[in-house]
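Below you'll find the structure, written out as structure tokens, and then a few comments.
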Amino acid sequence: AGMWNMTSRRVELQEDGLEVHFAVNYLAMVIIVTELRDVLAKSAPARVVVTGSFTSYEFMQGEVHFDNLQCENGKHALKGLPHGYTYAHSKLMQHVWCKHYQSLLPQGVTINVADP
Numbered sequence: 001a002g003m004w005n006m007t008s009r010r011v012e013l014q015e016d017g018l019e020v021h022f023a024v025n026y027l028a029m030v031i032i033v034t035e036l037r038d039v040l041a042k043s044a045p046a047r048v049v050v051t052g053s054f055t056s057y058e059f060m061q062g063e064v065h066f067d068n069l070q071c072e073n074g075k076h077a078l079k080g081l082p083h084g085y086t087y088a089h090s091k092l093m094q095h096v097w098c099k100h101y102q103s104l105l106p107q108g109v110t111i112n113v114a115d116p
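Structure below.
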């Protein structure tokens with residue numbers, strides 16, 4: 001589903017140098033889904049449902065900031081919430097990637113993003 005660090009007041013990088021929300025919410029999802037592609041194709045009809053968030057549109061207004069994918073500019077808080085920006089941005093990138101990846105999947109395999 002993902003993670004949102006609401007306690008830290010600073011940008012958090014993992015040991016590999018990746019911002020934690022970017023790595024967990026976006027990159028991990030991309031890796032898992034792409035690694036499952038062949039299994040999904042053999043299992044068609046098959047469906048992947050990614051856990052999204054309203055914040056991707058409410059906070060980010062549907063705008064991906066490619067120059068700040070991992071909070072390079074240091075801005076992480078948004079609407080008074082610690083890491084509101086980094087969380088919402090990672091969730092928006094899920095939507096963008098899933099929409100693109102759907103066009104690459106074989107017939108009978110779908111990918112959707114849902115906000116619980």
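For the sequence shown, the residue numbers in the UniProt record's numbering are 1 to 116.
Glycine is no exception: its CB is placed at the ideal position from the N, C-alpha and C atoms.
Quick one: what's residue i bridged to in DSSP?
| i | result |
| --- | --- |
| V24 | None, per the DSSP bridge assignment. |
| L104 | The partner list for L104 (beta bridge, DSSP) is empty, contrary to what the question assumes. |
| T51 | A114 |
| L81 | L78 |
State yes or no: is the C-beta of residue i within less than 8 Å of the C-beta of residue j?
| i | j | result |
| --- | --- | --- |
| C71 | T55 | no |
| I111 | V33 | yes |
| G52 | V113 | yes |
| M93 | V50 | no |
| N25 | G2 | yes |
| V11 | H100 | no |
In this structure, does DSSP put residue i in helix, strand or coil?
| i | result |
| --- | --- |
| E58 | helix |
| E19 | strand |
| L69 | coil |
| V109 | strand |
| A46 | strand |
| L13 | strand |
| E35 | helix |
Would you grab the beta carbon distance between residue i and residue j for me? Rounded to a whole angstrom, and I think it's under 8 Å.
| i | j | result |
| --- | --- | --- |
| F66 | G84 | Not confirmed; about 19 Å, so no contact. |
| Q14 | A28 | Rounded, the Cβ-Cβ distance is 11 Å, inconsistent with contact. |
| H21 | S90 | 4 Å |
| A41 | P116 | About 27 Å separates the two Cβ atoms, so there is no contact after all. |
Under 8 Å Cβ to Cβ from residue i, same chain only, skipping five residues before and after it: list those, please.
| i | result |
| --- | --- |
| R47 | V109, T110, I111, N112 |
Quick check: is the beta carbon of residue i nearer than 8 Å to any beta carbon in chain C?
| i | result |
| --- | --- |
| M3 | No chain C appears in this structure, which consists of one protein chain only. |
Cutting at 7 Å between CB atoms, please list the residues of its own chain near residue i, excluding the five before and the five after it.
| i | result |
| --- | --- |
| P45 | G108 |
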